[in-house]
Amino acid sequence: MEKYPNCRDYWDDKRARMDKIEVPAYILGSFSTMLHTIGSFRGFEEIPHQKKWITVHATQEWFDLYRKARTENLQKFFDHYLKGIGNGWEQTPPVRLAVLGFNKPPILDLPFGQLPWLAPAATDSTQTRLYLSHGKTLKPVNDSKYIALGYGDTEHLTFTYVFDQPIKLLGPTKLVVSISCPSKPDFDVYAQLRKREKHG
1 MEKYPNCRDY WDDKRARMDK IEVPAYILGS FSTMLHTIGS FRGFEEIPHQ KKWITVHATQ
61 EWFDLYRKAR TENLQKFFDH YLKGIGNGWE QTPPVRLAVL GFNKPPILDL PFGQLPWLAP
121 AATDSTQTRL YLSHGKTLKP VNDSKYIALG YGDTEHLTFT YVFDQPIKLL GPTKLVVSIS
181 CPSKPDFDVY AQLRKREKHG
């Protein structure tokens, strides 16, 4: 750690070079299996050509991977690129997203020309930045440069944001926070984004 505090060179050497992929790509992604989520989206973003498709499924990845509808879809991709069969594959939307419902069935295969969070102006999506506040809410305006909130090791902090209309949340989220623990040199932080219905 002293010689390579962030191990950048070491980890860059282990990272797959998605920008070197030249063949057509069929990618499955999931918002529910964190182990593979970032790699699926990063792969789709970094592959340097347009013969790439990503489907984000609503279930655990193994279940979706072996469903009849998914294997038939994958077969259509293989038939087109490996056997040269003109089956209309290239008209398949490049991005098909599943939107998980809190208390409703998921919306499946929402079509997009690209990942909507990369080009919100090209879709009807918007990116929103929210700030942590003293009142343990999330606000669209930063009302303070510094917030000091503490909690014990068996406790947690919850910050709430209430939408004023029905909304779909698509894509990755990012948390930027500066924290310290005066009594310890190191510690772990876990952050979760959870949806709640209007009655809590």
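Going by UniProt numbering, the sequence shown opens with residue 1, and the numbers climb by one from there. Positions of the beta carbon are idealized from the N, C-alpha and C atoms, including for glycine.
Considering only C-alpha positions, which residue in the set the options is nearest to residue i?
| i | options | result |
| --- | --- | --- |
| P94 | L170, K20, Q50 | Q50 |
| V99 | Y66, A58, K139 | A58 |
| V141 | D188, A148, L149, Y131 | Y131 |
| Y146 | L110, G113, S178, R67 | S178 |
| I27 | R129, D124, R42 | R42 |
| D188 | Q165, N6, D153, S125 | D153 |
| S183 | R67, E197, Y151, T128 | Y151 |
| P24 | Q192, K76, K52 | K52 |
| K104 | K168, L115, K68 | K168 |
Would residue i and residue j qualify as a contact pair, given that the criterion is a beta-carbon distance under 8 Å?
| i | j | result |
| --- | --- | --- |
| I47 | I21 | yes |
| T158 | K139 | no |
| W117 | L170 | yes |
| S133 | D124 | no |
Between which two residues does the alpha helix (DSSP H) containing residue i stretch?
| i | result |
| --- | --- |
| F78 | 68 to 83 |
Excluding sequence positions up to five away, which residues of its chain have a Cβ less than 8 Å from the Cβ of residue i?
| i | result |
| --- | --- |
| D79 | I85, N87, W89 |
| E72 | none |
| G29 | H36, T37, S40, F41, F44, I54, T55, V56, H57 |
Take residue i and list the residues in its own chain whose beta-carbon comes closer than 7 Å to its own, dropping the five residues that flank it on each side.
| i | result |
| --- | --- |
| S32 | Q60 |
| L74 | Y26 |
What residue range does the beta strand (DSSP E) around residue i cover?
| i | result |
| --- | --- |
| K14 | Note, K14: premise wrong, no beta strand (DSSP E); alpha helix (DSSP H) at 8 to 14. |
| W62 | Taken as a continuous stretch (DSSP letters only), W62 belongs to no beta strand (DSSP E), being part of the alpha helix (DSSP H) at 61 to 65. |
| F112 | 107 to 112 |
| H36 | No beta strand (DSSP E) holds H36; the alpha helix (DSSP H) holding it covers 34 to 46. |
| T126 | Note, T126: premise wrong, no beta strand (DSSP E); not H, not E. |
| E52 | Before going on, a small fix: residue 52 reads as Lys here, not Glu. Run containing K52: 52 to 57, per the beta strand (DSSP E) assignment. |
Alpha carbon to alpha carbon, how far is residue j from residue i? Give it in angstroms, no decimals.
| i | j | result |
| --- | --- | --- |
| F102 | R96 | 20 Å |
| T173 | D9 | 26 Å |
| D19 | V162 | 39 Å |
| V56 | E45 | 14 Å |
| V195 | H156 | Note that residue 195 corresponds to Lys in the displayed sequence, not to Val. Near 17 Å, if we compare the C-alpha coordinates of H156 and K195. |
| T92 | L82 | 17 Å |
| D186 | W62 | 36 Å |
| L193 | D164 | 18 Å |
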